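Visitor: Respectively, the protein sequence lines represent chains A and B. Residues in the first sequence are numbered from 1 upward in steps of one, following this note's numbering. Residues in the second sequence are numbered from 364 upward in steps of one, following this note's numbering. In this text, a Cβ means the ideal position worked out from N, Cα and C, and glycines have one as well. From a predicted model like this one, the values you see are computed outputs, not experimental measurements.
Number of protein chains: 2
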Amino acid sequence: MSFGGIVMTEISVSKVEQAGVLPTDDQLGFGKIFTDHMFIMDYEEGKGWHSPRIVPYGEFSFLPATIVFHYGQAIFEGMKAFRTSNDQIAVFRANHYLNRFNRSASHLCIPQINVEEVKAGLFQLLELDKAWVPSKLGTSLYIRPFIVSTDGYIGVKVSSTYKLFIILSPVGAYYSNGFNPVSIKVEDKYVRATKGGLGQAKTPANYAMSLNAQAEAHEQGFDQVLWLDAVHRKYVEEVGTMNIFFKINDEIITPELSGSILGGITRQTVLELAQNWGLKTTERQISIEEVYEAHAKGELQEVFGTGTAAVISPVGELSWKGQKININNNQTGEFAKKLFDFVTGVQYGSVPDEFSWMDKVTV
Amino acid sequence: MSFGGIVMTEISVSKVEQAGVLPTDDQLGFGKIFTDHMFIMDYEEGKGWHSPRIVPYGEFSFLPATIVFHYGQAIFEGMKAFRTSNDQIAVFRANHYLNRFNRSASHLCIPQINVEEVKAGLFQLLELDKAWVPSKLGTSLYIRPFIVSTDGYIGVKVSSTYKLFIILSPVGAYYSNGFNPVSIKVEDKYVRATKGGLGQAKTPANYAMSLNAQAEAHEQGFDQVLWLDAVHRKYVEEVGTMNIFFKINDEIITPELSGSILGGITRQTVLELAQNWGLKTTERQISIEEVYEAHAKGELQEVFGTGTAAVISPVGELSWKGQKININNNQTGEFAKKLFDFVTGVQYGSVPDEFSWMDKVTV
Numbered sequence: 001m002s003f004g005g006i007v008m009t010e011i012s013v014s015k016v017e018q019a020g021v022l023p024t025d026d027q028l029g030f031g032k033i034f035t036d037h038m039f040i041m042d043y044e045e046g047k048g049w050h051s052p053r054i055v056p057y058g059e060f061s062f063l064p065a066t067i068v069f070h071y072g073q074a075i076f077e078g079m080k081a082f083r084t085s086n087d088q089i090a091v092f093r094a095n096h097y098l099n100r101f102n103r104s105a106s107h108l109c110i111p112q113i114n115v116e117e118v119k120a121g122l123f124q125l126l127e128l129d130k131a132w133v134p135s136k137l138g139t140s141l142y143i144r145p146f147i148v149s150t151d152g153y154i155g156v157k158v159s160s161t162y163k164l165f166i167i168l169s170p171v172g173a174y175y176s177n178g179f180n181p182v183s184i185k186v187e188d189k190y191v192r193a194t195k196g197g198l199g200q201a202k203t204p205a206n207y208a209m210s211l212n213a214q215a216e217a218h219e220q221g222f223d224q225v226l227w228l229d230a231v232h233r234k235y236v237e238e239v240g241t242m243n244i245f246f247k248i249n250d251e252i253i254t255p256e257l258s259g260s261i262l263g264g265i266t267r268q269t270v271l272e273l274a275q276n277w278g279l280k281t282t283e284r285q286i287s288i289e290e291v292y293e294a295h296a297k298g299e300l301q302e303v304f305g306t307g308t309a310a311v312i313s314p315v316g317e318l319s320w321k322g323q324k325i326n327i328n329n330n331q332t333g334e335f336a337k338k339l340f341d342f343v344t345g346v347q348y349g350s351v352p353d354e355f356s357w358m359d360k361v362t363v
Numbered sequence: 364m365s366f367g368g369i370v371m372t373e374i375s376v377s378k379v380e381q382a383g384v385l386p387t388d389d390q391l392g393f394g395k396i397f398t399d400h401m402f403i404m405d406y407e408e409g410k411g412w413h414s415p416r417i418v419p420y421g422e423f424s425f426l427p428a429t430i431v432f433h434y435g436q437a438i439f440e441g442m443k444a445f446r447t448s449n450d451q452i453a454v455f456r457a458n459h460y461l462n463r464f465n466r467s468a469s470h471l472c473i474p475q476i477n478v479e480e481v482k483a484g485l486f487q488l489l490e491l492d493k494a495w496v497p498s499k500l501g502t503s504l505y506i507r508p509f510i511v512s513t514d515g516y517i518g519v520k521v522s523s524t525y526k527l528f529i530i531l532s533p534v535g536a537y538y539s540n541g542f543n544p545v546s547i548k549v550e551d552k553y554v555r556a557t558k559g560g561l562g563q564a565k566t567p568a569n570y571a572m573s574l575n576a577q578a579e580a581h582e583q584g585f586d587q588v589l590w591l592d593a594v595h596r597k598y599v600e601e602v603g604t605m606n607i608f609f610k611i612n613d614e615i616i617t618p619e620l621s622g623s624i625l626g627g628i629t630r631q632t633v634l635e636l637a638q639n640w641g642l643k644t645t646e647r648q649i650s651i652e653e654v655y656e657a658h659a660k661g662e663l664q665e666v667f668g669t670g671t672a673a674v675i676s677p678v679g680e681l682s683w684k685g686q687k688i689n690i691n692n693n694q695t696g697e698f699a700k701k702l703f704d705f706v707t708g709v710q711y712g713s714v715p716d717e718f719s720w721m722d723k724v725t726v
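Below, the structure is given as structure tokens:
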């Protein structure tokens, strides 16, 4: 098999005996239902990544001493396939996500993957399970590639064996209350990541960090937390599991990728779009004081998060040390709406794909 | 069954059909060989921890969507059982480790265990697999309790189900070069943990953080890294996977537990012992500059790490930004040696257990 000029290993395929029952749109949540098949590949020191295969989705055997349970050497990605209005299946910016997967790998001492090989496996999997891609606007097929370290002994060390999985989950809208502004607590007790840590990698550690903060914010009635930097506890980092943008005086500002923030693909998409639309965009340090001051002066026009799951998530309220501010009267801003409409329009095929974001699985 | 006044659930036992072959002392490494059996318990929201059982050590089935692979909600402990000189099996400070297990649980939103119940399970497991406890000085049975989150879907959230395992591994000396001073790189690029993070919990995230730093230090010829604080990058935190102590002008100094450092049981043991021996002990912030200045003035007498695996690990060399200092002429210090001899003496039964550190499994 050949893909993009690279000679690929043949992918073996073992199909389910009986296809699963497709969920109806109202049964879709997030990451609860999985398709019939998954892609797997193994890594062994000296042998490299090998044995790419598609098998029925199902349980896997691990020894209790498997190193990932103890020392968290693991990475993942989150990407999406869509059923477009003319019934094609297409993946949003596949190479960007798989390249980030490799950047995460380097932060965790995990061996690099061949992006084209994994992409070929993913696309073959998508072709096989294409009936599972839902069609209703807002729904999609969430793609979760992940790698876990699999050595079966428990010294703290870099594993010599790994397993890569790609699993697929048809999903509804990420936020159950839809495209409505969310209420955000500015976190001043917990810290997500620090420079010199793993904040720029998509790895379990960063999510384990967030559990207590998220739980406390939920108890207090907030949807998400906004993380501040670990050193000064004043510079904005990201919101929950998304990047964050501010529109101040018609300028689009987002924190720079300084080492503790995940470089979101949707973040990059928004920056590219805004520049293309002739807006002034700036990646820089921005303190929470500056955000509050801009609000006091009436210059804070919009705040929104960007992420694969939600695409754009407008922020209606910020609460920092008990002091609450409302943004744009708790209404979705014009720019956030325009971004959401454009990006989802391209994803669902109602807007021309002028930037070549979509990779077609079926023709 | 009753244990310490608490009515316990009966622990079901399913034994191996054929006992495994016991390793010889020279086959022992660290965490590579496991005993015949393991202890397992399940947690389900509304039902609590249930179904404690002892079963043959072996593979376990997990769905690829199991939440621990993706978001790292997991904790562990590391403790030891010893075969004493009069052939008794005893565990070092079991309750201290299991209480820390519960403190780690709270940092990761994992439900608390009943310490006495888990201890009863552990002791029953040890009784069953007691033949696996090696007897040679320096060898022991390493005990690894751990909890993983097991919900089978991939939204970022606190899991509603968990599995607790206790696995046992007969181990040789942690450092293959024995009780000799190690060479330490003071890490100025990577950061292990930050206040507001998970540094005080025994959780996979902290170990994932350490992989790149440890790999680079090894490449440069060092045994371990010494972590500095995330904010000022100057205050000493811990060394590799151990706590650190300095003996300066006859004062025993160790960094205070300020939120980003693991509260080691061996650390606490050393503090208690030193106080009992009439030495001045201080838990406080100590900067790496202060350590280097003490060395320059000839006042830095000893540096050593403390941990369950190594007990005491003398530091012979520190290297900070390329500047190397030798400690005690790269010889094991008198105080480190005295601590090591006392603690291991109690563990192996040659020194009376005057502080009641040892919990006897067999009588």
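1) I want to see whether chain A comes within less than 7 Å of residue 365(B), judged by CB atoms only; does it?
2) From the DSSP output, in three-state form, read off residue 705(B) for me.
3) Any idea which residues DSSP pairs residue 80(A) with across the strands?
4) So, for residue 487(B): in the same chain, excluding its five sequence neighbours on each side, which residues have a beta-carbon less than 7 Å away from its beta-carbon?
5) Nearest to residue 93(A) by CA position, among 70(A), 106(A), 68(A) and 119(A), is which residue?
6) Leaving out the 5 sequence neighbours to the left and right, which residues in its chain are closer than 6 Å to residue 31(A) when beta-carbon positions are compared?
7) Which residues, taken in chain order from the region 49-66 of chain A, show a beta carbon closer than 8 Å to some beta carbon of chain B?
8) Residue 547(B) and residue 678(B) - do their beta-carbons sit closer together than 7 Å?
9) Considering only the beta carbon of each residue, do residue 305(A) and residue 313(A) sit closer than 7 Å?
10) If you measure between the beta carbons of residue 194(A) and residue 554(B), is that distance less than 7 Å?
11) Establish whether the CB of residue 393(B) and some CB of chain A are separated by less than 7 Å.
12) Let me make sure I understand the geometry here. Which of 142(A), 140(A) and 161(A) has the alpha-carbon closest to that of residue 150(A)?
13) Going by DSSP, what residue range makes up the beta strand (DSSP E) through residue 462(B)?
14) Could you have a look at residue 219(A) and say whether DSSP puts it in helix, strand or coil?
15) What does residue 296(A) touch in chain B if you count any residue whose Cβ is under 9 Å from its own?
16) Between the Cα of residue 208(A) and the Cα atoms of 454(B), 522(B), 491(B) and 453(B), which residue gives the shortest distance?
17) Touching or not, the region 236-252 of chain A and the region 287-301 of chain A, by the rule of three or more beta carbon pairs under 8 Å?
18) What separation, rounded to the nearest whole angstrom, lies between the Cα atoms of residue 5(A) and residue 502(B)?
19) Between residue 220(A) and chain B, is any beta-carbon pair separated by less than 7 Å?
20) Identify which residue in 255(A), 145(A), 34(A) and 188(A) has its Cα closest to the Cα of residue 76(A).
21) According to the neighbour-count rule (16 or more other Cβ atoms, all chains shown, within 10 Å of its Cβ), is residue 365(B) buried or exposed?
22) Examine the Cβ distances between the region 580-600 of chain B and the region 630-646 of chain B and report whether three or more of them are shorter than 8 Å.
23) Using the beta-carbon count (16 or more within 10 Å), is residue 250(A) buried or exposed?
24) Can you tell which of 643(B), 441(B) and 376(B) has its C-alpha closest to the C-alpha of residue 673(B)?
25) Runs of 4 residues minimum, wholly inside the region 662-718 of chain B: which ones carry the alpha helix (DSSP H) assignment?
26) Closest Cβ-Cβ distance between residue 553(B) and chain A: below 7 Å?
27) Provide the residue(s) that pair with residue 283(A) in DSSP beta bridges, ordered along the chain.
28) Please decide whether residue 561(B) counts as near chain A, where near means a Cβ-Cβ distance under 7 Å.
29) Under 8 Å Cβ to Cβ from residue 44(A), same chain only, skipping five residues before and after it: list those, please.
30) According to DSSP, is residue 610(B) helix, strand or coil?
31) Report the residue ranges of all beta strand (DSSP E) runs contained in full by the region 147-222 of chain A; include only those spanning at least 3 residues, in chain order.
32) What does the Cβ neighbour count give for residue 563(B), buried or exposed, with the cut at 16 atoms within 10 Å?
33) If I measure Cβ to Cβ from residue 136(A) and keep anything under 7 Å in the same chain, skipping five residues before and after, which residues do I get?
34) Roughly how many angstroms lie between the CA atoms of residue 638(B) and residue 402(B), to the nearest whole one?
35) Taking the alpha helix (DSSP H) that residue 119(A) belongs to, which residues open and close that run?
36) Using a Cβ-Cβ distance cut-off of 7 Å, determine whether residue 606(B) contacts chain A.
Guide: This is what the structure holds:
1) The sequence position of residue 365(B) within the second sequence is 2, counting from 1. Summary for residue 365(B): the model assigns pLDDT 42, below 50, so the residue's position carries little reliability; its value from the coordinates is reported in the next sentence. For residue 365(B), the answer is no, since every Cβ of chain A falls outside 7 Å of its Cβ.
2) What you label residue 705(B) is simply residue 342 of the second sequence in a count that begins at 1. If DSSP states are grouped into helix, strand and coil, residue 705(B) belongs with the helices.
3) Here residue 80(A) corresponds to residue number 80 of the first sequence, with the count starting at 1. In the DSSP assignment, residue 80(A) forms a beta bridge with 142(A).
4) As a working mapping, residue 487(B) is identified with position 124 in the second sequence. Here the set comprises 374 and 417.
5) Against the first sequence, residue 93(A) aligns to sequence position 93. Residue nearest to residue 93(A) within the set 70(A), 106(A), 68(A) and 119(A) is 119(A) (criterion: CA-CA distance).
6) Taking the first sequence and counting its residues from 1, the one referred to as residue 31(A) is at position 31. Excluding sequence neighbours, residue 31(A) sits near 169.
7) So the close ones are 57, 58, 59, 60, 61, 62, 63, 64 and 65.
8) Locating residue 678(B) in the second sequence gives position 315, where the first residue counts as 1. Locating residue 547(B) in the second sequence gives position 184, where the first residue counts as 1. Contact flag set, yes.
9) As a working mapping, residue 305(A) is identified with position 305 in the first sequence. As a working mapping, residue 313(A) is identified with position 313 in the first sequence. Closer than 7 Å, so yes.
10) Along the first sequence, read from residue 1 onward, the residue named residue 194(A) stands at position 194. Along the second sequence, read from residue 1 onward, the residue named residue 554(B) stands at position 191. Going by C-beta atoms, residue 194(A) is nearer than 7 Å to residue 554(B).
11) The residue you call residue 393(B) lines up with position 30 of the second sequence. Closer than 7 Å: yes.
12) Residue numbering aside, residue 150(A) sits at position 150 when the first sequence is read from its first letter. Closest option to residue 150(A), Cα to Cα, is 161(A).
13) Here the question's residue 462(B) lines up with position 99 in the second sequence. Per DSSP, residue 462(B) lies in no beta strand (DSSP E) segment; the continuous alpha helix (DSSP H) that holds it begins and ends at 457-470.
14) Residue 219(A) sits at position 219 when you count from the first residue of the first sequence. Here residue 219(A) sits in helix by DSSP.
15) Position 296 of the first sequence, counting from 1, holds the residue named residue 296(A). Within 9 Å Cβ-Cβ: nothing; residue 296(A) doesn't reach chain B, min ~27 Å.
16) Residue 208(A) sits at position 208 when you count from the first residue of the first sequence. Ranked by Cα distance from residue 208(A), the options 454(B), 522(B), 491(B) and 453(B) are led by 522(B).
17) The answer is yes - the region 287-301 of chain A touches the region 236-252 of chain A, with three or more Cβ pairs under 8 Å.
18) Mapped onto the first sequence, residue 5(A) falls at position 5. Mapped onto the second sequence, residue 502(B) falls at position 139. Residue confidence for residue 5(A) is low, a pLDDT of 47 falling below 50, so the modelled location carries little weight; the figure read from the coordinates is stated next. The straight-line gap from Cα to Cα measures roughly 55 Å.
19) The sequence position of residue 220(A) within the first sequence is 220, counting from 1. Answer no: the Cβ-Cβ gap between residue 220(A) and chain B never drops below 7 Å.
20) Here residue 76(A) refers to the residue found at position 76 when the first sequence is read from its first residue. Taking only the C-alpha atoms, the option nearest residue 76(A) is 145(A).
21) Here residue 365(B) refers to the residue found at position 2 when the second sequence is read from its first residue. Because the pLDDT of residue 365(B) is 42, which lies under 50, any placement of that residue in the model is unreliable, and the number read from its coordinates should be weighed accordingly. The residue in question, residue 365(B), is exposed, as its Cβ has fewer than 16 Cβ neighbours within 10 Å.
22) Because the criterion of three Cβ pairs below 8 Å is not met, the region 580-600 of chain B and the region 630-646 of chain B do not touch.
23) Working through the first sequence from its first residue, we reach residue 250(A) at position 250. By the 10 Å Cβ count, residue 250(A) comes out exposed.
24) As a working mapping, residue 673(B) is identified with position 310 in the second sequence. Ranking the options by Cα distance to residue 673(B), first place goes to 441(B).
25) The qualifying runs are 697-711.
26) If you number the second sequence from 1, residue 553(B) lands on position 190. In terms of beta-carbon proximity, residue 553(B) lines the interface with chain A, with at least one pair separated by less than 7 Å.
27) Taking the first residue of the first sequence as 1, we reach residue 283(A) at position 283. Per DSSP, the beta-bridge partners of residue 283(A) are 254(A).
28) Residue numbering aside, residue 561(B) sits at position 198 when the second sequence is read from its first letter. With its beta carbon less than 7 Å from one in chain A, residue 561(B) belongs to the interface.
29) Residue 44(A) sits at position 44 when you count from the first residue of the first sequence. Scanning its chain for C-beta atoms nearer than 8 Å, with the 5 sequence neighbours on each side dropped, one finds around residue 44(A) the residues 50, 160 and 161, in chain order.
30) If you number the second sequence from 1, residue 610(B) lands on position 247. Residue 610(B): strand per DSSP, three-state reduction.
31) Complete beta strand (DSSP E) runs here, min 3: 161-171 and 182-186.
32) Taking the second sequence and counting its residues from 1, the one referred to as residue 563(B) is at position 200. When all chains shown are included, residue 563(B) counts as buried.
33) Counting from one through the first sequence, the residue named residue 136(A) turns up at place 136. Counting only Cβ-Cβ distances below 7 Å, and skipping sequence neighbours, we find 25.
34) The residue given as residue 638(B) occupies position 275 in the second sequence. The residue given as residue 402(B) occupies position 39 in the second sequence. Whole-angstrom Cα-Cα distance: 37 Å.
35) Residue 119(A) sits at position 119 when you count from the first residue of the first sequence. Here the alpha helix (DSSP H) through residue 119(A) covers 115-128.
36) As a position in the second sequence, residue 606(B) is number 243, starting the count at 1. With 7 Å as the cut-off, residue 606(B) does not count as an interface residue toward chain A.
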